[in-house]
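Notes follow the structure.
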Amino acid sequence: EQCAQVFLPSYLRHDRDASSDRKPRAAEAPKGGRKAPQFIQVLATVAGVTGLVLGVAAGSIPYFPHFFSRDSSLYPIMRSFSPFMFLSILTAPFTISLDGVMMALSDVPYLLKCQVANMAILASFLIYSHRAGFG
């Protein structure tokens, strides 16, 4: 998130300056700079790899419960939430990096809509979970 907020505005400025310095021919589409899209792609790739590595690590922790508890009655409970933990940790770095991109692009209204939708989905899931007796 912070990486996008720090570097992306300068890359956008560089791309804008590069596209305004060069006059395209009539049959040629303006290419401009390519730093900002490449940076977003690298940021998303790093976030995806980080999420995958951390998700696999966190998802495999419940399969080694004896490192965390000596109570064997907790082992099935730990294994039951392993897939959910994997999915949440898998998507978190990607979401955080794209939130930073949205903030760097000054697209706060879209980010606000996404956050409100996310909160509504989470609240409905919690209500459903409570009514289903999950806690």
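Per this note's numbering, residue 17 is the first one in the sequence shown, and the count goes up by one each step.
Note that CB positions come from ideal geometry on N, CA and C, so glycine has one too.
This one's a predicted model, so the numbers in the text were calculated from it and none came from an experiment.
| query | result |
| --- | --- |
| Own chain, CB closer than 6 Å to R95, minus 5 neighbours either side, in chain order | P78 |
| Y27 burial status per 10 Å Cβ neighbour count (16 or more: buried) | buried |
| Option in L121, A136 and S88 with minimal Cα separation from F55 | L121 |
| Contact check, L24 vs V124, beta carbons under 9 Å | no |
| Spatially closest choice to V69 from L103, A148, L127 and Q21, by CA coordinates | L103 |
| Straight-line gap, A52 to S98 (C-alpha atoms, nearest Å) | 36 Å |
| Pair within 9 Å by beta-carbon distance, M101 and A133 | no |
| Proximity of G149 and P109 at Cβ, strictly below 9 Å | no |
| Beta-carbon proximity list for G71, same chain, < 6 Å, skipping 5 on both sides | F102, I105 and L106 |
| Test item: CB-CB of D115 and L128 under 9 Å | no |
| Inter-residue spacing [alpha-carbon to alpha-carbon] between E44 and Q57 | Unreliable placement is indicated for E44, whose pLDDT of 46 sits below 50; the coordinate value is still reported in the next sentence. In a straight line, the C-alpha of E44 is about 25 Å away from that of Q57. |
| For S98, three-class secondary structure by DSSP | helix |
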